[in-house]
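Working notes for the structure below.
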Amino acid sequence: MSAGETGGLRAGTRRRRVFGGLVTGLLVAVAGALCWSQWSSPAEREANRWVRDFLRVRAADTARLPDWPLSYEGQRVMVRSFTRPESAWLRAWDRFRRRMPPSMRVVLPRIPGARDRAITLGPALIEMPKMPAIRMALLEAALDPRGANRAFAVQFAGADLPVPKTLLPLLERLAEDADPAVRSQVALAVAGMRPGDPEVERLLGRLQADQVSSVREAARHRPVEPGDLE
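Just so it is clear: in the sequence shown, position 74 is 99 by my numbering, and no numbers are missing.
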């Protein structure tokens with residue numbers, strides 16, 4: 026067998042492997058979509074419908090939120106989805122897809138990851154009126170070090186001022202987080218609590234002595250002043 030024939034066989038084998046990978050990826054994507062539609066819970070279907078409506082009214086610039094309220098369970102679904110860790114197989118599929126030629130990449134399904142969830146769900150979580158239970162759900166989700174978008178979750182939990190003191194125990198735990206971005210958002214949330222409470226001031230003092238300057242600066246920002254007290 027000549028060198029040219031050997032090279033042709035190898036090229037054919039590579040093409041078959043690539044084609045097999047494409048077929049496998051498409052089958053996995055179709056199976057995943059079918060399983061999701063069949064096995065998703067009512068709260069998950071409600072949350073998906075609410076997000077679609079939110080994106081529609083946002084794109085049309087007709088309203089801040091859909092004209093129907095999302096239930097508490099639906100909001101918890103959004104929180105869990107927002108902070109869901111990236112899976113190893115999703116990262117592997119994304120690497121495989123990026124290595125494909127552009128002509129083949131366009132037919133491969135792109136699976137949304139944590140960054141996509143932040144872009145899609147972040148504005149909705151910011152706009153939604155936050156009941157205390159949802160604020161706590163955001164902080165509880167941020168406690169998992171494997172979670173995605175954790176700093177954003179803490180930011181959304183502390184977005185509306187003044188931040189309720191009921192969040193203080195969870196914020197105390199997150200103040201020990203290894204990620205400075207998370208601790209910075211904790212500092213902003215604690216600084217957004219009503220001043221004068223000894224427990225609040227104690228945690229704020231700890232954050233003002235943090236070894237990372239961005240955390241210290243966030244803890245020194247007091248958006249709620251004593252004059253704001255009722």
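Idealized CB from N, CA, C, for every residue including glycine. What you are looking at is a predicted structure, and each value in this text was computed from that prediction instead of being measured.
CB contact flag (residue i, residue j, <7 Å)
i	j	result
residue 233	residue 244	yes
residue 166	residue 104	yes
residue 146	residue 107	yes
residue 68	residue 99	yes
residue 79	residue 94	no
residue 199	residue 211	yes
residue 153	residue 188	no
residue 101	residue 162	yes
residue 206	residue 176	yes
Endpoints, alpha helix (DSSP H) assigned at residue i
i	result
residue 245	238-245
residue 127	127-130
residue 89	Here residue 89 belongs to no alpha helix (DSSP H), and DSSP marks it neither H nor E.
residue 114	113-124
residue 23	There is no way to answer for residue 23, as the model of the chain reaches only from 26 to 255.
residue 93	Note, residue 93: premise wrong, no alpha helix (DSSP H); not H, not E.
residue 192	Where residue 192 is concerned, there is no enclosing alpha helix (DSSP H), given that its DSSP letter is neither H nor E.
Close Cβ partners of residue i (< 6 Å) along its chain, the five nearest in sequence each way excluded
i	result
residue 53	Since pLDDT at residue 53 reaches only 46, below the 50 mark, its modelled position is unreliable, and no value is offered.
residue 132	none
residue 238	none
residue 89	152
residue 180	210
residue 178	108, 163, 166 and 167
Option nearest residue i by Cα separation, candidates the options
i	options	result
residue 182	151, 88, 200 and 221	151
residue 110	171, 66 and 74	171
residue 156	134, 192 and 129	192
Residue i, buried or exposed, once every other Cβ within 10 Å from all chains shown has been counted against 16
i	result
residue 240	buried
residue 203	exposed
residue 76	buried
residue 236	exposed
residue 160	buried
residue 142	buried
residue 66	exposed
residue 209	buried
residue 173	buried
residue 72	buried
residue 84	exposed
residue 113	exposed
Cβ-based neighbour list, residue i, same chain, cut-off 7 Å, excluding 5 preceding and 5 following
i	result
residue 222	190
residue 213	183, 243 and 246
residue 248	186, 216 and 217
residue 117	none
residue 224	193
Own chain residues within Cβ distance below 8 Å of residue i, not counting five before or after
i	result
residue 115	136 and 138
residue 195	161, 164, 165 and 168
residue 226	220
residue 97	156, 158 and 159
residue 197	228
residue 61	In this prediction, residue 61 has a pLDDT of 42, which is less than 50 and means its spatial position is unreliable; what the coordinates show is noted afterwards. Answer for residue 61: no residue qualifies.
Any non-hydrogen atom of the ligand MN closer than 6 Å to residue i Cβ
i	result
residue 74	Among the ligands in the structure shown, none appear at all, so the ligand MN cannot be discussed.
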